[in-house]
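To start, the structure itself, in structure tokens.
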């Protein structure tokens, strides 16, 4: 099957046309929108722009602010102000308390990985056939993680989203901020932190067909086969513009189905026997069957490109449904073909930071919506499910097998622990079960990382997650930019948490150049920057500077002291959120979640009751509008104004000693009553139970009213009936003065007693205030001895109690002991696994040592033989050297010697001839 590609336009937009015929007269052509690429041969040359700036040092040693001489190490940031805000940050929880948002009963987010028919069967086949190709790009464990589903608890995820702040991209808890990091996604999901920029766009025809100067194609040939399959499915299924994931899977995988869709268990309290997911065991593949080989026949794929094309097809599906399900989750996006084929061809892409950008954007969309369950957010939320289960310990483990992708331990159906509305919010908002050190660099000694060529890939990924910056993602026409601020949750890396500054500039999108440069700046290497890496420990969560504690308490206010119970009630009895910030008719506008609200009818009737008991100044529970008892308590205070028109001339006989006129008055806001009664000419009025002028407050569902403005409304005076003129009697001034002094002393004593009764037993009243009351009582001529004995005895009891409490607080609570035990057990489990692996390695080393010893004996024997041969050879060499010397010292035969020898020979020959004639006998 042959296809032809052509660049053209649809209106003002560039488009790729795919034809079967070369002349372009195909009525069934496929048209795809083409956008300018960020990477590749036909992208612009963006250049490098290090924004945010890279710091030479990302950590700093500062003096401790806790009163000790110790020094602490804090994490720095490069694109934040040095000034911290003092106002609360926006969170979904605050919006829900203010009735500007509501869950509408359900938690629903698009993008969570779900079952697709035949996908798991296809994935197992690809993993068995193409493991060597995935190992090149270090993506095997990341792809393997999609072999499972990931469950969640609805109440827990609601609580998580309620604490998420779009202003900081962090989770706000009672003890500080927490967030997800690229390093977490690398450890949990196996996603690589570094590599080429993820640029999801459809390439043009020139890039698909073109070749470079070396004769190599701009894109792998497998990319063409993906477009060929897409065009084929469009024409066959008559679905111009869309190809579903199901159709894509059934086209590429021709094998049989082994897995069915998982089903939710009926009971959540029991641990299921089966995860309803594949076992994770990848068996060796056999030869291609005829029906499995049919897809390559249909596309006319060349033999040496079968595995690469097969892997590319699965990776495009994996990117759409598991990694970036941010749009059209049920359909295949052709923009993934370029990246999928490049990965199968051996090119690495940095996926951790763009995935984190999509997670941040999705959580921000949920937290900013008035109806979060209908926010339309779509992202890979299954990474968040695994992150919550890993750090908040909210999941039961499916298995304890060592795996490069830890998120697989939290897979399966029914393994998440059940939570109700209250326990879920307490679990997230208190963060007492959060494991700060869970993915920290596990070395038992301090280190200093220097960003140079000597850092390993793992260490650089960790280094990169400690640097602040902007995360960017490009998915077709979507340009996403999110701030990453690890200095806001630096305890996770072992640093001491300092007050974090806010962003200098909030950026949420950008041009193609911006997206590219943000990614380059965040992942740049060989910068020669340095950072201190603290040794691994289990006390990371307690590493907080004193100034940060004070700042966080001031910023959060009542969010965590009162918001947890209220959010649980709201979740149990949801109300419809207000559609606008304008007040409805008859209702006041809510400017803040904790602005005082009017009392319920029941509480108002109770307040107006004339026969208040002495407990009326104590806290009374207020009924919520939903009919449920509010977890918040409100101090009921009666501000009584004494009218001169109701002065009684006979004070001594009609004054009630059983109840003080000051009962219910806020002692903190009261004036100096000793000064009030010091002047004997002052007139004292008797409060009337029927006609006293009461100024009543509008009370809130939260806290004390002293933090908020109090609105008052004055009830009209009752109609005064005419009375007969009073009869003239004798005015007894001394008796009146004595009575007034006693009442003044009684009022001061009641102020002290009310003050003590309103204080918590954890608070000591300053002795100066107590002695001032005693002096005021004495100034009225009344002996405060009885009052002094009882109050001092109570204060001594409080002091003894606080001393005992301080002593007991030094002992760890059962919860802390359990948490420490769990942490130690977790570390023990990890250490045991490491010990087992080390033992295996040790056994292998021992076997190797035995082999080496045997080899050593053989080598020693060979060495002895060689030495013997060497001695023999040395003798031979020595003899030959002596012979050489003899040869060198031997006399040389010269021409003169030859001539002399020849003369002697001639003489001898002459003598021989003369012998014939010799007559030797006479």
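In UniProt numbering, the protein residues as written are 1 to 922. Idealized CB from N, CA, C, for every residue including glycine. What you are looking at is a predicted structure, and each value in this text was computed from that prediction instead of being measured.
- Contact between residue 370 and residue 100 holds: their C-beta atoms lie close to 6 Å from each other, under 8 Å.
- Assigned with DSSP and collapsed to three states, residue 61 falls in strand.
- With 16 or more other Cβ atoms inside 10 Å of its own Cβ, residue 190 counts as buried.
- If the five residues before and after residue 173 are omitted, its C-beta is found closer than 6 Å to the C-beta atoms of 429 and 431, all from its own chain and listed in chain order.
- Between residue 540 and the set 175, 193, 97 and 528, the nearest pair of CA atoms involves 175.
- The residue among 831, 913, 776 and 796 with its C-alpha nearest the C-alpha of residue 764 is 796.
- Approximately 16 Å separates the beta-carbon atoms of residue 70 and residue 59; this is outside 8 Å, ruling out the contact.
- By the Cβ criterion, the stretch 413-426 is in contact with the stretch 154-165, since at least three pairs of Cβ atoms, one from each stretch, lie closer than 8 Å.
- Three or more Cβ pairs drawn from the stretch 771-780 and the stretch 749-761 lie within less than 8 Å of each other, which places the two stretches in contact.
- Taking every protein chain shown into account, the CB of residue 261 has fewer than 16 other CB atoms within 10 angstroms, so this residue is exposed.
- Residue 525 counts as exposed, since fewer than 16 other C-beta atoms from the protein chains shown sit within 10 angstroms of its C-beta.
- The alpha-carbon separation between residue 207 and residue 37 amounts to approximately 11 Å.
- According to the DSSP assignment, residue 218 belongs to no beta strand (DSSP E), since it is labelled neither H nor E.
- With contacts defined as CB atoms closer than 8 Å, residue 326 and residue 403 fail to qualify as a contacting pair.
- With the rule of 3 Cβ pairs closer than 8 Å, the stretch 491-502 counts as touching the stretch 434-441.
- Sequence-distant partners of residue 319 (beyond 5 residues in either direction) whose C-beta falls short of 6 Å from its own C-beta, in its chain, are 336.
- A straight line joining the alpha-carbon of residue 866 with that of residue 890 spans about 35 Å.
- Within 10 angstroms of the beta-carbon of residue 102 lie 16 or more other beta-carbons, which makes it buried.
- In the same chain as residue 211, and ignoring 5 residues on each side of it, the C-beta atoms closer than 8 Å to its own belong to 217 and 218, in chain order.
- Between residue 86 and residue 54, the CB-CB gap reaches or exceeds 8 Å.
- Per DSSP, residue 560 has no beta-bridge partner at all.
- Taking residue 12 as the centre and dropping the five residues before and after it, the same chain places no C-beta closer than 8 Å to its C-beta.
- Counting only runs that start and end inside the stretch 490-541, the alpha helix (DSSP H) elements of at least 4 residues fall at 512-523.
- For the options 63, 199, 180 and 171, the alpha carbon positioned closest to that of residue 512 is the one of 199.
- Residue 131 and residue 140 have their C-alpha atoms spaced approximately 7 Å apart.
- Rounded to the nearest angstrom, the Cβ distance from residue 502 to residue 84 is 7 Å, consistent with a contact under 8 Å.
- Within a 10 Å sphere around the beta-carbon of residue 804 sit fewer than 16 other beta-carbons, which makes this residue exposed.
- As the crow flies, the alpha-carbon of residue 885 is around 36 Å from that of residue 860.
- When Cβ pairs closer than 8 Å are counted between the two stretches, the stretch 284-295 is seen not to touch the stretch 441-454, the count staying below three.
- Assigned with DSSP and collapsed to three states, residue 198 falls in coil, not helix or strand.
- In the assembly as shown, residue 201 is a buried residue. Its beta-carbon has 16 or more other beta-carbons within 10 Å.
- A distance below 8 Å separates the beta carbons of residue 110 and residue 329.
- Every unbroken stretch of the alpha helix (DSSP H) spanning 4 or more residues and falling wholly within the stretch 138-178 is given here in chain order: 140-144 and 154-163.
- Looking at the DSSP output, residue 7 shares a beta bridge with 16.
- Comparing alpha carbon positions, the residue from 486, 476, 478 and 462 closest to residue 470 is 486.
- Within the same chain, Cβ atoms closer than 6 Å to the Cβ of residue 417 are found at 394, the five residues on either side in sequence being excluded.
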